[in-house]
Amino acid sequence: MSFIPKPHEIYKHFKGNLYQITAVAEHTETGEQLVIYQALYGDFKTYARPLALFVSRVDREKYPDAEQEFRFELQGPDGERQRTAVHEPEGETTGAGEDQSAAWESPGVAAGNSEMSEGELSLDPLLLEFLDADGYEERLNILAGLHHRITDEMITTMAIACDVEIGGGDTEERYEALKSCLVTLERYECNRLR
366 MSFIPKPHEI
376 YKHFKGNLYQ
386 ITAVAEHTET
396 GEQLVIYQAL
406 YGDFKTYARP
416 LALFVSRVDR
426 EKYPDAEQEF
436 RFELQGPDGE
446 RQRTAVHEPE
456 GETTGAGEDQ
466 SAAWESPGVA
476 AGNSEMSEGE
486 LSLDPLLLEF
496 LDADGYEERL
506 NILAGLHHRI
516 TDEMITTMAI
526 ACDVEIGGGD
536 TEERYEALKS
546 CLVTLERYEC
556 NRLR
């Protein structure tokens, strides 16, 4: 397998949710490679999925209306890396993969909970822009555009994407804390690049 996700990369599941890679691990008993990833919504659960299933294509028979080619698609400027690295022909699966596929098809859904709420399926377009932004100045501008409708979940998602920790408090306090962190990071980013 030529495509392996990297830590801190953001992936979009074909059902619409975003996930951040934590690590690629090896199962101690079987030696199978597992992708460890965290949801960037809700209660930010962490999941593990076999690498082969993580990078596989969407099952067109089960999900004919899926817009994505892959079950999880790499977001941002490196997205093309996934499309060029995966050489598996369309529709080709292994017997074992087919049996496991159904069990692993819905990440982010707790056992016994087969439906996701509509709020988890649709992310604010500006939040997606924030996650794809190249620099802190751009992220600050997007954050300012979100100010009037920002939620605690969005702030937490943005903080995780920037690798900063924002404490508790009301939404406005957390917004200001995130903004302050981004201003500081932007200042150092500019000085470093001069």
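Residue numbers (the working numbering): 366 to 559.
Glycine residues also receive a C-beta, built at the ideal position from the N, C-alpha and C atoms.
With a cut-off of 8 Å on Cβ pairs, the stretch 535-546 is in contact with the stretch 506-524, counting three or more such pairs. Excluding the 5 residues flanking it on each side, A498 has same chain C-beta neighbours closer than 7 Å at R504 and I507, in chain order. Burial of I375 is indicated by the presence of at least 16 other C-beta atoms within 10 angstroms of its C-beta. Contact between Q385 and I525 holds: CB atoms are separated by about 6 Å, below the 8 Å threshold. Look at E394 here: in three-state DSSP terms it is coil, with no helix or strand label. Rounded to whole angstroms, the Cβ separation of F379 and R436 is 6 Å, and the two are in contact under 8 Å. When secondary structure is reduced to three states using DSSP, H378 falls in the strand class.
The alpha-carbon separation between Y412 and T395 amounts to approximately 18 Å.
T411 is bridged by DSSP to Q403. Judged by DSSP secondary structure, E502 falls outside any beta strand (DSSP E) and instead within the alpha helix (DSSP H) spanning Y501 to L511. In this structure, E438 sits near K377, with a CB-CB distance shorter than 7 Å. In this structure, DSSP gives L383 an extended state, which the three-state scheme calls strand. At least 7 Å separates the beta-carbon of E397 from that of P370. Taking all protein chains in view, the Cβ of A388 is surrounded by fewer than 16 other Cβ atoms within 10 Å, so the residue is classified as exposed. Rounded to the nearest whole angstrom, the C-alpha separation of S421 and F368 is 10 Å. Within the same chain, R504, I507, L508, L511, M523 and A526 come within 8 Å of F495 by CB-CB distance, once the 5 residues on both sides are set aside. Of the candidates K544, H392, F409 and V400, F409 places its Cα closest to the Cα of L383.
Shown here, E438 sits in a strand according to DSSP, grouped into three states. Counted as a single uninterrupted DSSP element, the alpha helix (DSSP H) harbouring I520 occupies residues D517 to C527.
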